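In what follows, a single structure is set out as structure tokens and then discussed.
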Amino acid sequence: VNPDAIVDLTSKTDTLGNIIWEVPEGEWSILRIGYTTTDAHVSTSSGDWQGRVLDYMSKEAFDFYWNDVVEPIFADAGAHVGTTLKYMETDSWECGGMNWTEDFDSEFKEYRGYDLTNYLPIVAGYVVGDIKTSNAFLSDFRKTLADLVAYNHYARFQEYAHKYNMGIQ
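Going from the sequence shown to the working numbering is simple: count from 1 and add 373.
Listed below in structure tokens is the structure:
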């Protein structure tokens, strides 16, 4: 795919998803790119804690989890938090192959320094520009996924735990 020929139709899409566009002559492939949950469920849970896994790439999802699940436990544990209760553990991964989060495009730009929009056809299996360019984008895409999980979940988990004088495992 010639990167100069890519047309972002986002602004030409109405609220129902219909494209309103004067299509230039030629042959076009139209890609509709979106995301949804992985539908992965927590496997090591009981009672009210059953349900979908949280988005490991989202700070907001982690904050919700912390405030909704961890803070009430700490409130019940009282003076034990940070003293006899010294460590928190995160020990499972049921997320599957997640590859997007709500602000992924802006996070990608912040981490990698460029807009990913014209490279998204690569994720759908197209070669944009050439193989070298496409592989470089895929490498940046994967690095961003890893960075978001590392910083928006695990580092945030450590940061919050340390506020209570606790470690994580």
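We put the beta carbon where it would ideally sit given N, CA and C, even for glycine.
Given the structure is predicted, the values throughout are model-derived calculations rather than measurements.
Within 8 Å, strictly: CB atoms of residue i and residue j
i	j	result
L518	I495	no
V501	V374	yes
G469	T411	yes
S465	N525	no
M461	A534	yes
F447	Y537	yes
M539	K459	yes
D513	T474	no
F437	R529	no
Where the alpha helix (DSSP H) through residue i begins and ends
i	result
Y537	From DSSP, Y537 is part of no alpha helix (DSSP H); its letter is neither H nor E.
K459	It is not in any alpha helix (DSSP H) - K459 carries neither H nor E in the DSSP assignment.
L518	504-522
I495	493-496
Of the residues the options, the one placed nearest residue i, counting alpha carbons only
i	options	result
V442	L489, G455, D421	D421
E433	A413, F477, T386	F477
H414	M471, R405, L493	M471
R485	S418, R515, I504	R515
Residue-chain proximity (residue i, chain C), Cβ-Cβ < 8 Å
i	result
G420	Looking for chain C here will not work: only one protein chain is present.
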